[in-house]
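**Q** The listed protein sequences derive, respectively, from chains A and B. Just so you know, UniProt numbering puts 49 at position 49 of the first sequence, and the rest follows in order with no gaps. Just so you know, UniProt numbering puts 138 at position 138 of the second sequence, and the rest follows in order with no gaps. Idealized CB from N, CA, C, for every residue including glycine. Here the structure is a predicted model, which means the values were calculated and not measured. I have a structure here, written as structure tokens, and I will follow up with some questions on it.
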Amino acid sequence: MDRMRIALPEAFIGLGTLAFAGLVLWQTEQIPVSPLYAKVGPRVLPYITTGGIALLGALLLWRGLRGGWQPEEEKEVAPDWRAVAVLTVALVANVTLIGPLGFSLASTILFVLVAYAFGDRHVVRNAGIGLVLALLAYFGFARTLGVNIGAGFLENLLGG
Amino acid sequence: MESLSSLAGGFAVALTPNNLMWCLVGTTLGTAIGVLPGLGPALTIALLLPITFKVDPTAAFILFAGIYYGAMYGGSTTSILLNTPGESATIVTAMEGNRMARSGRAGAALATSAIGSFVAGTVGTMGITFLAPVVVEFALKFGPAEYFSLMVLAFVTVSAVLGASAVRGLAALFLGFYLGMIGIDGQTGQPRFTFGILELLDGVNVIVVAVGLFAVGETLYVASRRYAGKDEIIPLRGSLYMTREEWSRSWKPWLRGTALGFPIGAMPAGGAEIPTFLSYWVEKRFSRKPEEFGTVGAIEGVAGPEAANNASAAGVLVPMLTLGLPTSATAAIMLSAFQSYGINPGPLLFQTQPALVWGLIASLYIANVVLLVLNLPLIGLWVRILKIPAPLLYAGILVFATIGTYGISQSPVDLILLYVLGGIGFVMRRYDFPTAPVIIGMILGPLAETEFRRAMSINNGDWTVFFTQPLSAALLAIAVLALLGPRLWDLATRRQHRGPEHVPGDA
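Here you go:
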């Protein structure tokens, strides 16, 4: 066992956590403190959190430099980055389209792309399923729960 | 006997047609999401949180509790027939249950887990009925210092003691603290960690965090390892009836599992993994047919852990209702539902909202009966749900994730946050970080801060108060021991050990 080899991803997670501690510290310094409220102000717990994150980041980095901790069964699996990339595109598309197109159409596109990322290439069939599901969700779930979700022209057309 | 009269009042509340309907909806939905891999009660309740604006609190909590109990029942079906644990608490059930199914005894495995769940769930609910008032008596004496120390203990146990690594568990917890602090500080009105973004002044919604970690993160994770090929569903053969021998081999494990599950669940540490693993170990020891373990599948290895799992689910509700102390992601999200009604769970809840509390407890008894019916005669229905192809299942999950988050604010900021948290959830899953502590830290962190500041201002800023009050000092000492003890033990014995694996999206 080469326990002493540097595990790069884990080391980066450690470094990332340390960087995150820096960010938290910087933001903590920005919290305005009223001089009238000197004892336990709004900065005390943020400082403790900063310290905790920094310490844990250092420990994670240390473990990363000494072989990491990722379980063997995870390491054996090469991630399917193509699927992750398609999913990322699906999510970005959803954020951009939900405003202009409305919930149902944006969700249909999301549905097709996610299914595609999982290897289901029946685009037309899935568009149908996605649209029905989105409309059901819109009129059933969203309406009953009273959450006011972005209506596009399709929802307005159907009496939404 | 005061409990019994309160409980009778609770049944009067729970048996109204309206509340019965919520119980039925909750248990059915809970079983469905328990059966579906990748969906858990924490995620489902988070998505349904907006309902708190629509219905009265009793109805909402009957619904949520039904989902919570139902998921515990449904998860075992998936474990037995698919060998994919639906929840982390059913990992153990998958070990023996799936072997039983492979040797043609799926029916008996499903029956013993459903009946065992019923026995444990009912005994566990009785446990709540009688234990909760006792804890309340005790908790009424707690001051802010004791509460803070108790929360510190809970933080340590949920993140550092249960799980593979204390460092990773605590890192997840601190991420939760950070997320919980974003927004306006409740005591001074100062904005914290908002980066000047207007939407962040109100804080980050727990729905966004839960859905991001459990739905988006899980979807990314499953997509990234599509290699795994098709899961094989074992067809349901044979009768659901257990033979006389199977009954006699099941009932003791049910009771032993319950006896392990409930107390461990009720401790401010929570978690169903430890009792299920303990129960498995115990049953292997006690079994008259130990050779069946790991080979053709031993019924004791399903009956015991499954009972332990359900009993601990009931146990978790004790600190949640009596102390306002959630020890699982699901309980933390239920706590945030209380907050959205402006109700503070804790000892006073039993005095201020007796109809709510006892109605909820009574509905748990009803839920167990409903779930027994749903999971034995109607089991075929749930097996069909298992056949939904993964691409469509995950595509559907993401559509619902969008409604759940975009619907609350209609702000793209929330969607972006959702997807960023999804990315974090993916990395956490791949690198074996538990995700439940994020949710617990996010909900409980601000409460701990409030108690901390309250204790400090009562004592004129003297921080030694946490160590001079005997109860508070004892709780902190246990926390330190729980955190450092295992590590010192490791150093002393030079042994490597690993805790149970975490499956996100669970209780």
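1) Per DSSP, what are the beta-bridge partners of Arg-192 of chain B in this structure?
2) Should Leu-444 of chain B and Ala-332 of chain B be called a contact, given that it needs their Cβ atoms to be closer than 8 Å?
3) Tell me, please, whether the stretch 75-86 of chain B touches the stretch 109-123 of chain B by the rule of three or more beta-carbon pairs shorter than 8 Å.
4) Pick helix, strand or coil for Asn-459 of chain B, following the three-state DSSP scheme.
5) Please list, in chain order, the residues of the stretch 90-118 of chain A that have any C-beta partner in chain B closer than 9 Å.
6) So, under 8 Å CB-CB, Pro-50 of chain B and Gly-422 of chain B are touching, yes? Tell me the CB distance rounded to an integer number of Å.
7) What is the C-beta distance between Asn-309 of chain B and Ala-272 of chain B, in whole angstroms, given that I count them as a contact (C-beta under 8 Å)?
8) CB-CB under 8 Å to Trp-463 of chain B, same chain, minus the five flanking residues each way: which ones, in chain order?
9) Taking CB distances under 8 Å as the criterion, tell me whether Ala-108 of chain B reaches chain A.
10) List, in chain order, every chain A residue whose beta-carbon is nearer than 9 Å to that of Arg-384 of chain B.
11) Got a sec: is the Cβ-Cβ distance from Ile-439 of chain B to anything in chain A below 8 Å?
12) Shorter than 8 Å from the beta carbon of Phe-452 of chain B to some beta carbon of chain A?
13) Could you please give the first and the last residue of the uninterrupted alpha helix (DSSP H) stretch that includes Ser-165 of chain B?
14) 8 Å is my cut-off, CB to CB: does Asp-490 of chain B come that close to chain A?
15) Since Ser-363 of chain B meets chain A, which of its residues come closer than 7 Å, beta carbon to beta carbon?
16) Are the Cβ atoms of Gly-301 of chain B and Phe-293 of chain B separated by less than 8 Å?
17) Nearest CA to the CA of Leu-201 of chain B: which residue from B:Leu-179, B:Thr-405, B:Glu-218?
18) Roughly how many angstroms separate the alpha carbons of Phe-142 of chain B and Thr-327 of chain B, rounded to a whole number?
19) State the DSSP-derived secondary structure class of Tyr-47 of chain A, mapped to helix, strand or coil.
20) Beta-carbon within less than 6 Å of Val-316 of chain B's beta-carbon, same chain only, minus the 5 sequence neighbours each way: which residues are those?
21) With a floor of 4 residues, list each alpha helix (DSSP H) that falls wholly inside the stretch 103-177 of chain B, ordered by position along the chain.
22) Mind checking if Met-181 of chain B is an interface residue toward chain A, Cβ cutoff 8 Å exclusive?
23) Who are the neighbours of Trp-69 of chain A on chain B, taking C-beta pairs under 9 Å?
24) Is there at least one Cβ from chain B nearer than 8 Å to Leu-61 of chain A's Cβ?
25) For residue 566 of chain B, which of B:Ser-5, B:Leu-4, B:Thr-31 has the nearest alpha-carbon?
26) Taking a contact to mean a Cβ-Cβ separation below 8 Å, would you say Leu-475 of chain B touches Glu-245 of chain B in this structure?
27) Helix, strand or coil for Val-40 of chain A? Go by DSSP, reduced to three states.
28) Using a Cβ-Cβ cutoff of 7 Å, what residues of the stretch 39-54 of chain A are near chain B? List them in chain order.
29) By the 10 Å Cβ neighbour count, where 16 or more other Cβ atoms means buried, how is Leu-484 of chain B classified, buried or exposed?
30) List the residues of chain A whose Cβ lies closer than 8 Å to the Cβ of Thr-219 of chain B, in chain order.
31) Counting only C-beta atoms, is Ser-457 of chain B closer than 8 Å to chain A at any point?
32) In whole angstroms, what is the alpha-carbon distance linking Asn-19 of chain B and Ala-106 of chain A?
33) Using a Cβ-Cβ cutoff of less than 8 Å, which residues in the same chain neighbour Ala-223 of chain B once the five nearest sequence positions on both sides are dropped?
**A** In this structure, then:
1) When beta bridges are read from the DSSP output, Arg-192 of chain B appears opposite B:Gly-183.
2) It is a contact, given that the beta carbons lie within the stated cut-off.
3) By the C-beta criterion, the stretch 75-86 of chain B is judged to be in contact with the stretch 109-123 of chain B, since at least 3 inter-stretch pairs fall below 8 Å.
4) Coil.
5) Correct list: Ala-90, Leu-91, Val-92, Asn-94, Val-95, Thr-96, Ile-98, Gly-99, Phe-103, Ala-106, Ser-107, Thr-108, Leu-110, Phe-111, Val-112, Leu-113, Val-114, Ala-115, Tyr-116, Ala-117, Phe-118.
6) 20 Å between Cβ atoms; not a contact.
7) Here Asn-309 of chain B really is in contact with Ala-272 of chain B; their C-beta atoms are around 5 Å apart, less than 8 Å.
8) Excluding sequence neighbours, Trp-463 of chain B sits near Met-456.
9) No, because no Cβ of chain A sits closer than 8 Å to the Cβ of Ala-108 of chain B.
10) Here the premise fails: no neighbours, minimum Cβ distance about 17 Å.
11) It does not: the Cβ of Ile-439 of chain B has no partner Cβ on chain A nearer than 8 Å.
12) At least one chain A Cβ lies under 8 Å of Phe-452 of chain B.
13) It is not in any alpha helix (DSSP H) - Ser-165 of chain B carries neither H nor E in the DSSP assignment.
14) Chain A, which has no Cβ nearer than 8 Å to the Cβ of Asp-490 of chain B, makes this no.
15) When 7 Å is used as the limit between beta carbons, Ser-363 of chain B is near no residue of chain A, the shortest such separation being about 20 Å.
16) Going by C-beta atoms, Gly-301 of chain B is nearer than 8 Å to Phe-293 of chain B.
17) With distances taken between Cα atoms, Leu-201 of chain B lies closest to B:Leu-179.
18) Near 19 Å, if we compare the C-alpha coordinates of Thr-327 of chain B and Phe-142 of chain B.
19) Three-state DSSP puts Tyr-47 of chain A in a helix.
20) Take Val-316 of chain B, set aside five residues on each side of it, and the residues of its chain with a beta-carbon closer than 6 Å to its own are Gly-265, Gly-270, Thr-327, Ser-328, Ala-331, in chain order.
21) Counting whole runs of 4 or more residues, the stretch 103-177 of chain B contains the alpha helix (DSSP H) stretches 106-139, 144-156.
22) Chain A, which has a Cβ nearer than 8 Å to the Cβ of Met-181 of chain B, makes this yes.
23) Ordered by position in chain B, the residues that pass the 9 Å Cβ test against Trp-69 of chain A are Ala-164, Ser-165, Val-167, Arg-168, Tyr-431, Asp-432.
24) Taking Cβ atoms only, chain B never reaches closer than 8 Å to Leu-61 of chain A, which makes this a no.
25) Residue 566 of chain B is absent from the structure shown; chain B starts at 1 and stops at 507.
26) No, the pair does not count as a contact, with Cβ atoms beyond the cut-off.
27) Here Val-40 of chain A sits in coil by DSSP.
28) Closer than 7 Å at the C-beta level to chain B, one finds these residues of the stretch 39-54 of chain A: Lys-39, Val-40, Gly-41, Pro-42, Leu-45, Pro-46, Thr-49, Gly-52, Ile-53.
29) Exposed, by the Cβ-count rule.
30) Result: Leu-87, Val-114.
31) Yes, Ser-457 of chain B lies at the interface with chain A (some Cβ there is under 8 Å from its Cβ).
32) If I take the Cα positions, the gap works out to 36 Å.
33) Tyr-394.
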